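K.L.:
Handing you a structure now.
And the structure:
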C-alpha cells in the first residue's frame, strides 16, 4: 500500500471510532512518506483526540517544520502547546506543596497558553481559579469575564462567576 491508501484506511477506522487503528495506519502512512506534512497534521489531530498529547505535539511540530506555510498547521500546534501549558498549570494548582512554592508560576503558564490560543476557554477558567487562590479576586473575575464572552450561554461559568463575586465580597469585608 502507498501512503494514500493508509490514509484512506485511517479515515475508515475513524468513521468506525477505532482511533487506535487509525493511529497505526497514519503511522504507516508516515513511514511510507515521511515528508508529507498533511499526513503528520492528520495524525497529530488523531493523537490529540485520543488524549496522547506528547505524540500529537511531535507530529504537529513535524508538520509545521515540513510546511510552515499552512496556517492551520501552526494554529493546531499552538492549540496543543496551550493545552500542554494548561495541563502543567493544573498539576501545579492541584499540588499544594509545589503550588505554594511559587503561586505565580501557574498564572504565568496560563497567560502563555492564552497568548498561544486566545479562544481556549479552559485556560481562562484555570487562570481565574489561579488568581482566586491567591486572593486576586478582581483578576479572577476579569479572566472569567473573558471566557464568558467566548461562551455566553455557559451556566457553569455563570455559577463560577457568582462564587468568585462572593469570594471578593468576603475578602473585602
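Numbering (the UniProt record's numbering), first residue to last: 1 to 173. Every residue gets a Cβ at the ideal spot worked out from N, C-alpha and C, and that includes glycine. As the structure is a prediction and not an experimental result, all values here were calculated from the model.
1) Indicate the three-state DSSP secondary structure (helix, strand or coil) for residue 135 in the structure shown.
2) Buried or exposed, going by whether 16 or more other CB atoms sit within 10 Å of the CB of residue 1?
3) In whole angstroms, what separates the C-alpha of residue 4 from that of residue 29?
4) State the DSSP-derived secondary structure class of residue 164, mapped to helix, strand or coil.
5) Kindly indicate which three-state DSSP category residue 73 falls into: helix, strand or coil?
6) So what's residue 119 in DSSP terms, helix, strand or just coil?
7) Taking only beta-carbon positions, decide if residue 141 is within less than 9 Å of chain C.
8) Roughly how many angstroms separate the alpha carbons of residue 122 and residue 163, rounded to a whole number?
9) Kindly give me the distance between the Cβ atoms of residue 179 and residue 126, rounded to whole angstroms, as I take these residues to be in contact under 8 Å.
10) Label residue 149 either buried or exposed according to how many other C-beta atoms from any shown protein chain fall within 10 Å of its C-beta, with 16 as the threshold for buried.
11) Using CA atoms only, rank isn't needed, just tell me which of 19, 76, 105, 12 is closest to residue 37.
12) Beta-carbon within less than 8 Å of residue 45's beta-carbon, same chain only, minus the 5 sequence neighbours each way: which residues are those?
13) What number of angstroms, rounded off, separates the C-alpha of residue 32 from the C-alpha of residue 68?
14) How many angstroms separate the CA atom of residue 161 from the CA atom of residue 169?
15) In chain order, which beta strand (DSSP E) runs of at least 3 residues are fully inside the segment 36 to 106?
16) In chain order, what residues of the same chain lie with their CB nearer than 6 Å to the CB of residue 140, ignoring the 5 residues before and after it?
17) When DSSP labels each residue in this structure, what does residue 4 get in the three-state scheme?
P.N.:
So, to answer that:
1) Within the chain shown, numbered from 1, the residue matching residue 135 stands at position 135. The answer is coil: DSSP assigns residue 135 none of H, G, I, E or B.
2) Within the chain shown, numbered from 1, the residue matching residue 1 stands at position 1. Label assigned to residue 1: exposed.
3) Sequence index remark: in the chain shown, residue 4 carries index 4 (1-based). Sequence index remark: in the chain shown, residue 29 carries index 29 (1-based). For residue 4 and residue 29, the distance between alpha carbons rounds to 7 Å.
4) Your numbering for residue 164 matches position 164 in the chain shown. In this structure, residue 164 counts as helix in the three-state DSSP scheme.
5) As a first step, residue 73 must be located in the chain shown, where it is residue number 73. Correct three-state label for residue 73: helix.
6) On the chain shown, position 119 is the one that residue 119 refers to. Looking at residue 119 - three-state DSSP - the assignment turns out to be coil, as it is neither helix nor strand.
7) Protein chain content of the structure displayed is limited to a single chain, and chain C is not contained in it.
8) Walking along the chain shown from the start, residue 122 turns up at place 122. Walking along the chain shown from the start, residue 163 turns up at place 163. Cα to Cα, the separation comes out at about 17 Å.
9) One cannot answer for residue 179 here, as it falls past the ends of the chain, which runs 1 to 173.
10) Here residue 149 corresponds to residue number 149 of the chain shown, with the count starting at 1. With fewer than 16 Cβ atoms within 10 Å of its Cβ, residue 149 is classed as exposed.
11) Locating residue 37 in the chain shown gives position 37, where the first residue counts as 1. Among 19, 76, 105, 12, the Cα nearest to that of residue 37 is on 76.
12) Within the chain shown, the letter at position 45 stands for residue 45. Closer than 8 Å at the Cβ level, and outside the excluded window around residue 45, lie 56, 76.
13) For this step, residue 32 is matched to residue 32 along the chain shown. For this step, residue 68 is matched to residue 68 along the chain shown. Those two C-alpha atoms are separated by around 21 Å.
14) Indexing the chain shown from 1 puts residue 161 at position 161. Indexing the chain shown from 1 puts residue 169 at position 169. Using only the alpha carbons, I get a separation of about 12 Å.
15) none
16) What you label residue 140 is simply residue 140 of the chain shown in a count that begins at 1. 128, 131, 132, 164.
17) Here residue 4 refers to the residue found at position 4 when the chain shown is read from its first residue. In the structure shown, residue 4 sits in a helix (DSSP, three-state: H, G or I).
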